[in-house]
Amino acid sequence: MRYSALALLRGALAAHRNWTPAWRSPEAKSAYDIIIVGGGGHGLAAAYYLARNHGITNVAVLERGWLGGGNTGRNTTVVRSNYLYPESARLYDFSLRLYEALSRELNFNLMLSQRGHVMLAHSRHDLESLTRWANAMHMHGIEAELLTREQVGELIPALDMSAAARYPVLGGFMQRRGGTARHDAVAWGYARAADALGVDIIQGCEVTGFLKGPGGRVTGVQTQHGQIAAGRVGIAAAGHSSVLASLAGFRLPVTSYALQAMVTEPLKPRLDKVVISPATGAYVSQSDKGEMVIGGSLDLFASYAQRGSFAVLQSVVAATLAIFPSFSRLRLMRQWSGIVDVVHDSSPIIGPTPVPELYINCGWGTGGFKAIPAGGWTLAHVLATGRNHELAEPFQLERFTTGRLIDEAAASGIAH
Amino acid sequence: MMQLPCPWCGLRDENEFVCGGTTHISRPELAASDAAWGEYLFFRDNPRGVHLERWRHAYGCGVWFNIARHTLTHEVLAVYAITEPPPAAAQDRTS
């Protein structure tokens, strides 16, 4: 069923009893050409692009929970492409450009809001590093603007710009095309589109092992519901990447941490930019429901618990109030965390694993949501062709042996 | 608020400590291959289960110590000195 204003009118006239499911809930077949392990944004996008770009539709996405219930449903919805190195700039800006056309392509409102992403400078050193960053982006052909203190104050009136500010704002750096998108809609949009092209999305199906054949190549997966054969398998499981790698017999340069997020009670529009203050360790935007969506740094010890602890929550709230003191009387409604797969250089891994015919897309750490389109596109490419997409070529497992790291710790914006 | 049992000071809030990551990792010889060096620097088990890790009581007595902690429940199964091997109590239970 195509979504449109006309469909909405027809629905209203039928008391909304005629809407069809956005995707099927099929039983798993005994074999597929390609299995994707992980039904989050990256896995669902990869399934969609396998069908759309490569005409490969005999595909299953296996999700142990409910689709989009992992980090895709737990992030703070920020999209941007302001990264430092050329390899990253190409990858993330490709993703942002895909996002810009994606609602129309998927016939699903992703609520992309390119409201502007602003990074604050609180010291001379901050100003200098932001200048370097803006220049790097210009060299990559990606727009970036340095902002004076006055300009920041005009764009973000809720900031504490007084003489008494604990963290004075000296200036900033904005990517105008950066902003937010509705995280659930991205999962649902890709799921619906992939399903419509013939992909089977199997929820409640946990992969508990990998089947192997001659030469140690992967030939399928073992699940809690039985075995499923496959010609190729791709893993897109974020914080659980190491668990799956261990089942397949290899290790990753990944540590899984809790990354917390929280929302306040709704209020009238007060903030129409995404603001990040690396020096204080918080970032904030206002959702369309009026809630302040707040995130900050990792709970810096290995965890798969999806909750995070009060110690970090306290420091993130303190950082938020240091720059937005007028938010102090807002009540927090909800707090949660995702499990982020952090690697040492804060850059992803997209490509083959030591197991033949097993590929992986992981290592996005705190920055995977903005990269869902590009991550899906490049994982689909390597699954379909057996060769890395050129955008993914710099982001291989080998770099942790050769030392050719792409250090985006600063651009990831969150203390690692 | 997770609490950790500092062997010197006793049970304290997590924000008195800094986590030093996986423990019992020894630096290879300087003549090690790139692969061995990369394994040492970057590759980790990252278990969803019992994790052997080291912590420093940075905002307390400053001692480094080892613990066995479950990464899903955060339960601390064992505390032992930084130079000791893991005790029997630090065994993996089904996660």
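First to last, the sequence lines map onto chains X and E. Going by the working numbering, the letters in the first sequence line up with residues 157 to 572, in that order. Going by the working numbering, the letters in the second sequence line up with residues 1116 to 1210, in that order. Using N, Cα and C, we set each Cβ at its ideal position, and we do this for glycine too.
Review point. By the 10 Å Cβ neighbour count, where 16 or more other Cβ atoms means buried, how is residue 465 of chain X classified, buried or exposed?
Key: If you number the first sequence from 1, residue 465 of chain X lands on position 309. By the 10 Å Cβ count, residue 465 of chain X comes out buried.
Exercise for review: List the whole-angstrom C-beta distance separating residue 393 of chain X from residue 403 of chain X, where the pair is believed to meet the contact cut-off of C-beta under 8 Å.
Suggested key: For the purposes of this step, residue 393 of chain X is taken as the residue at position 237 of the first sequence. For the purposes of this step, residue 403 of chain X is taken as the residue at position 247 of the first sequence. Rounded to whole angstroms, the Cβ separation of residue 393 of chain X and residue 403 of chain X is 11 Å, and the two are not in contact under 8 Å.
Practice item. Give a yes or no on whether 8 Å exceeds the smallest Cβ distance from residue 1153 of chain E to chain X. Key: Looking up residue 1153 of chain E in the second sequence gives position 38. Between residue 1153 of chain E and chain X, the shortest Cβ-Cβ separation is below 8 Å.
Practice item. Taking only beta carbons into account, state which residues of the segment 449–483 of chain X come closer than 7 Å to chain E, listed in chain order. Key: For the segment 449–483 of chain X, which is checked against every Cβ of chain E, the residues closer than 7 Å are 456, 457, 458, 459, 460, 461, 465, 466, 467.
Point to revise | Chain-order list of residues whose beta-carbon lies under 7 Å from that of residue 1159 of chain E (same chain, five-residue window excluded) | key: Sequence index remark: in the second sequence, residue 1159 of chain E carries index 44 (1-based). Excluding positions up to five away in sequence, the list reads 1137.
Practice item. Could you give the DSSP three-state label for residue 493 of chain X: helix, strand or coil? Key: In the first sequence, the residue the question calls residue 493 of chain X occupies position 337. Assignment of residue 493 of chain X by DSSP, reduced to helix, strand and coil, places it in the strand class.
**Study point:** Distance between residue 273 of chain X and residue 229 of chain X (C-alpha atoms, nearest Å)
**Key:** Translated into the one-based positions of the first sequence, residue 229 of chain X becomes position 73. Translated into the one-based positions of the first sequence, residue 273 of chain X becomes position 117. About 21 Å.
Point to revise | Where the segment 406–423 of chain X meets chain E: residues whose CB sits under 8 Å from a CB there | key: The segment 406–423 of chain X vs chain E, Cβ under 8 Å: 407, 408, 409, 410, 411, 412.
**Study point:** Contact between the segment 450–459 of chain X and the segment 298–306 of chain X (3+ Cβ pairs under 8 Å)
**Key:** Taking a cut-off of 8 Å for Cβ pairs, the segment 450–459 of chain X and the segment 298–306 of chain X do not touch, as fewer than three such pairs fall below it.
Exercise for review: Would you verify that the beta carbon of residue 1181 of chain E is, or is not, closer than 8 Å to some beta carbon of chain X?
Suggested key: Reading the second sequence from its first residue, position 66 is the one you call residue 1181 of chain E. The beta-carbon of residue 1181 of chain E is placed no less than 8 Å from the nearest beta-carbon of chain X.
Review point. Can you round the beta-carbon distance between residue 336 of chain X and residue 235 of chain X to whole angstroms, since I take them to be within the 8 Å contact cut?
Key: Position 180 of the first sequence, counted from the start, is the residue given in the question as residue 336 of chain X. Position 79 of the first sequence, counted from the start, is the residue given in the question as residue 235 of chain X. 6 Å between Cβ atoms; contact.
Point to revise | Unbroken stretches of the alpha helix (DSSP H), 4 residues or longer, contained in the segment 1168–1192 of chain E | key: If we require 4 residues or more, the segment 1168–1192 of chain E turns out to have no alpha helix (DSSP H) run fully inside it.
Review point. What residues from chain X crowd round residue 1198 of chain E, counting only those whose CB sits closer than 9 Å?
Key: Walking along the second sequence from the start, residue 1198 of chain E turns up at place 83. Within chain X, no C-beta atom comes nearer than 9 Å to that of residue 1198 of chain E; the closest sits roughly 21 Å away.
Review point. So the alpha helix (DSSP H) residue 459 of chain X belongs to, where does it begin and stop?
Key: Here residue 459 of chain X refers to the residue found at position 303 when the first sequence is read from its first residue. Counting along the chain, residue 459 of chain X falls outside any alpha helix (DSSP H), and DSSP gives it neither H nor E.
Check your understanding: Do three or more CB pairs link the segment 260–271 of chain X to the segment 329–346 of chain X at distances below 8 Å?
Key -> At 8 Å Cβ cutoff, the stretches touch.
Point to revise | C-alpha gap between residue 366 of chain X and residue 191 of chain X, whole angstroms | key: Taking the first sequence and counting its residues from 1, the one referred to as residue 366 of chain X is at position 210. Taking the first sequence and counting its residues from 1, the one referred to as residue 191 of chain X is at position 35. Taking the straight line from one Cα to the other gives about 11 Å.
Point to revise | Span of the alpha helix (DSSP H), counted from its first residue to its last, around residue 232 of chain X | key: Within the first sequence, residue 232 of chain X is the residue found at index 76, counting from 1. Annotation: residue 232 of chain X is outside any alpha helix (DSSP H) and is labelled neither H nor E by DSSP.
Check your understanding: From residue 1180 of chain E to residue 372 of chain X, what distance separates their C-alpha atoms?
Key -> In the second sequence, counting from the first residue as 1, residue 1180 of chain E sits at position 65. In the first sequence, counting from the first residue as 1, residue 372 of chain X sits at position 216. Residue 372 of chain X has its alpha-carbon roughly 40 Å from the corresponding atom of residue 1180 of chain E.
Check your understanding: If we ignore side chains and look at the alpha-carbon of each, how far apart do residue 562 of chain X and residue 157 of chain X end up?
Key -> Residue 562 of chain X sits at position 406 when you count from the first residue of the first sequence. Residue 157 of chain X sits at position 1 when you count from the first residue of the first sequence. Computed Cα separation, rounded: 43 Å.
Check your understanding: the segment 556–571 of chain X: which residues have C-beta closer than 8 Å to a C-beta of chain E, in chain order?
Key -> Listed by position, the residues of the segment 556–571 of chain X near chain E (Cβ gap below 8 Å) are 556, 557, 558, 559.
Point to revise | Bounding residues of the beta strand (DSSP E) (the contiguous stretch that carries residue 416 of chain X) | key: Within the first sequence, numbered from 1, the residue matching residue 416 of chain X stands at position 260. That run of the beta strand (DSSP E) goes 411–422.
Point to revise | Proximity test, Cβ basis, 8 Å: residue 1142 of chain E and chain X | key: Walking along the second sequence from the start, residue 1142 of chain E turns up at place 27. Contacts with chain X at 8 Å (Cβ-Cβ) do not include residue 1142 of chain E.
**Study point:** residue 500 of chain X: contacting residues in chain E (beta-carbon distance under 8 Å)
**Key:** On the first sequence, position 344 is the one that residue 500 of chain X refers to. Residues of chain E with a Cβ closer than 8 Å to the Cβ of residue 500 of chain X are, in chain order, 1156, 1157.
Practice item. Keeping to the same chain, check which residues put their C-beta closer than 6 Å to that of residue 432 of chain X; ignore five residues upstream and five downstream. Key: Residue numbering aside, residue 432 of chain X sits at position 276 when the first sequence is read from its first letter. Listed in chain order, the non-local C-beta contacts of residue 432 of chain X below 6 Å within the same chain comprise 275, 439, 569, local neighbours out to five positions each way being set aside.
Practice item. Return yes when the Cβ of residue 1205 of chain E is within less than 8 Å of the Cβ of residue 1178 of chain E, no when it is not. Key: Taking the second sequence and counting its residues from 1, the one referred to as residue 1178 of chain E is at position 63. Taking the second sequence and counting its residues from 1, the one referred to as residue 1205 of chain E is at position 90. Going by beta carbons, residue 1178 of chain E and residue 1205 of chain E fall outside the 8 Å limit.
Exercise for review: With a floor of 4 residues, list each alpha helix (DSSP H) that falls wholly inside the segment 292–366 of chain X, ordered by position along the chain.
Suggested key: DSSP assignment within the segment 292–366 of chain X yields the following whole alpha helix (DSSP H) runs of 4 residues or more, N-terminal first: 305–311, 339–352.
Check your understanding: Listing by chain order, which chain E residues have their CB less than 7 Å from the CB of residue 493 of chain X?
Key -> Locating residue 493 of chain X in the first sequence gives position 337, counting from the first residue. Correct list: empty, because the minimum Cβ distance to chain E is about 13 Å.
Review point. Is residue 501 of chain X near residue 518 of chain X, with beta carbons less than 8 Å apart?
Key: To locate residue 501 of chain X, count along the first sequence from 1; it is residue 345. To locate residue 518 of chain X, count along the first sequence from 1; it is residue 362. At a Cβ-Cβ threshold of 8 Å, residue 501 of chain X and residue 518 of chain X do not count as neighbours.
Review point. Can you tell me whether DSSP reads residue 538 of chain X as helix, strand or coil?
Key: On the first sequence, residue 538 of chain X is found 382 positions in, with the first residue counted as 1. Of the three classes helix, strand and coil, the one that applies to residue 538 of chain X here is helix, per DSSP.
Point to revise | Same chain, Cβ closer than 8 Å to residue 477 of chain X, neighbours up to 5 away in sequence not counted | key: As a first step, residue 477 of chain X must be located in the first sequence, where it is residue number 321. Exclusion of the five residues before and after residue 477 of chain X leaves 483, 484 as the residues of its chain whose Cβ lies within less than 8 Å of its Cβ.
**Study point:** Pair within 8 Å by beta-carbon distance, residue 609 of chain X and residue 232 of chain X
**Key:** Nothing can be reported for residue 609 of chain X, as the shown portion of chain X is limited to 157 through 572.
Check your understanding: Between residue 397 of chain X and residue 415 of chain X, is the Cβ-Cβ spacing less than 8 Å?
Key -> Position 241 of the first sequence, counted from the start, is the residue given in the question as residue 397 of chain X. Position 259 of the first sequence, counted from the start, is the residue given in the question as residue 415 of chain X. Contact flag unset, no.
Practice item. Flag residue 251 of chain X as yes if its beta-carbon sits less than 8 Å from any beta-carbon of chain E, otherwise no. Key: For the purposes of this step, residue 251 of chain X is identified with residue 95 of the first sequence, where counting begins at 1. Residue 251 of chain X is outside the set of residues whose beta carbon lies under 8 Å from a beta carbon in chain E.
Check your understanding: Is residue 363 of chain X near residue 197 of chain X, with beta carbons less than 8 Å apart?
Key -> The count along the first sequence starts at 1 and reaches residue 363 of chain X at position 207. The count along the first sequence starts at 1 and reaches residue 197 of chain X at position 41. Result no, Cβ atoms of residue 363 of chain X and residue 197 of chain X do not sit closer than 8 Å.
Review point. In the DSSP assignment, what residue or residues form a beta bridge with residue 518 of chain X?
Key: Taking the first sequence and counting its residues from 1, one reaches residue 518 of chain X at position 362. Residue pairing for residue 518 of chain X: DSSP places it in a beta bridge opposite X/505.
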